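The structure appears right after this line, and notes come after that.
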Amino acid sequence: APCSPKPNITRFVCTEPTLNTFPTGLPTTTLAISVEFTALATLLPTALVGLHQLQELHLSSNCLATLPEALLHPVPTLRVLDLTDNLLADLPAGIFTSTGHVQHLVLRGNRLRALQPAWFRHLPQLQWLDLAANALVEVPPAVFCPLHSLRSLDLSHNRLASLAPGALAGLKELEQLDLEGNRLGTLAPTTFAPVPALRLLFLQGNELRALPTGIFVPLRHLHVLDLARNQLQALELPPQSRGSALDLDISGNPWVCECPLLALLRQAALRLAATHDTLCASPARHQGQEVATVSWAGDTGC
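Sequential numbering from 70 applies to the sequence shown in this note's numbering.
Following this line, the structure appears as structure tokens:
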């Protein structure tokens, strides 16, 4: 059989493309398992029985379409679970009931269409949650509420057309939020009120036409804001924290280069990225000019 385990190992790695059954006979000393880039399509509920010291389980780039509900029950000390690039359209409601120590959960590149609140009820130590590149169309209000320790949330490249006002409720420690490449056309004024610790916010590649006044006011610690490739004509900025400039990308939007925008950019402490692609769409006298050039010229009559 491909990838036969050796006795007394602590880390088991198998990337054999023909492997289609999960290896058996792994020693009880195993701390980390990587079975990746294989033909593995199913897992038995007993696959991890006896591996009570397991801390990392990497199952990326296989052919898993379902997982048994009891799969993780034998591994209560699990810290890392990576299921990147499988075929998962759903997860059992109780899959994480016994894994309260998981800190790192990666579900990127699957076929998840909806988020179940039950998944997140037993993950109080989770710090990193990657749900990018799925087929999610909504984030249910308060779905992430139990994730008091979460630092990074990646929802990029899904099909989100809106975010419910309470979508981020409970995430008071969140520092990084990635919403790139969705279909967001608008955001509620209170969207970011639950995440005051946010430092990096990625909203590029959406369909945002306008930002509610004051939407970024709760974000006093924001260092990076990416609004590139939307349909924005007017800008909102977070409050300025003393001594630190905001890294800002607003390229690829049809900016209206009149006093509100130009004055805002002149007064703020900014490091503006991609200035060559940050152009005025109107008024006609500035059309096609770089926003930064027009703003800093200072002769705009503002």
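Backbone N, C-alpha and C define an ideal beta-carbon position, used for all residues, glycine too. Computed from a predicted structure; not experimentally measured.
Here R289 is exposed, its C-beta having fewer than 16 other C-beta atoms within 10 Å.
Exposed is the label assigned to R228, since fewer than 16 other Cβ atoms lie within 10 Å of its Cβ. Between G169 and P193 a beta carbon distance of about 6 Å is seen, short of the 8 Å cut, so the two are scored as contacting.
Under a 10 Å Cβ-count criterion, C326 is classified as buried, with 16 or more other Cβ atoms of the shown protein chains found around its own Cβ.
For W197, the enclosing beta strand (DSSP E) starts and ends at 197–199.
Looking from the CA of F106, the closest CA among E125, G274, C83, G94 belongs to C83. For S231, there is no enclosing alpha helix (DSSP H), as DSSP marks it with neither H nor E.
Excluding its 5 nearest sequence neighbours in each direction, R298 has C-beta neighbours in its own chain below 6 Å: Q273, G274, G321, listed in chain order. In the DSSP assignment, Q245 forms a beta bridge with S221, L269. E125 is bridged by DSSP to A101, V149. Separation of P92 and H127 (C-alpha to C-alpha, rounded to the nearest whole angstrom) is 13 Å. The secondary-structure analysis by DSSP pairs C371 with nothing; it has no beta-bridge partner. Minimum Cα-Cα distance from L120 among the listed residues V104, E249, T111, L147 corresponds to L147.
Where L333 is concerned, the enclosing alpha helix (DSSP H) starts and stops at 328–336. Contact between L117 and L88 does not hold, since their C-beta atoms are separated by about 16 Å, which reaches or exceeds 8 Å. The way I'd put it, the region 193–212 doesn't touch the region 253–261; fewer than three beta-carbon pairs between them come closer than 8 Å. Beyond the five residues adjoining it in sequence on each side, S129 comes within less than 6 Å, by CB distance, of E105, D151, T153, D154 in the same chain, given in chain order. Beta-bridge partners assigned by DSSP to H191: none are found. Just so you know, the alpha carbons of A101 and A332 end up roughly 55 Å apart.
Note on the region 256–312: whole beta strand (DSSP E) runs with a minimum of 3 residues are 269–271, 293–295, in chain order. For H292, the CB contacts under 8 Å within the same chain, skipping 5 residues up- and downstream, are R268, L269, S313, L315, D316 in chain order. The C-beta separation of A134 from L156 comes to about 4 Å, placing the pair in contact by the 8 Å criterion. C-alpha of A236 to C-alpha of A266: approximately 16 Å in a straight line.
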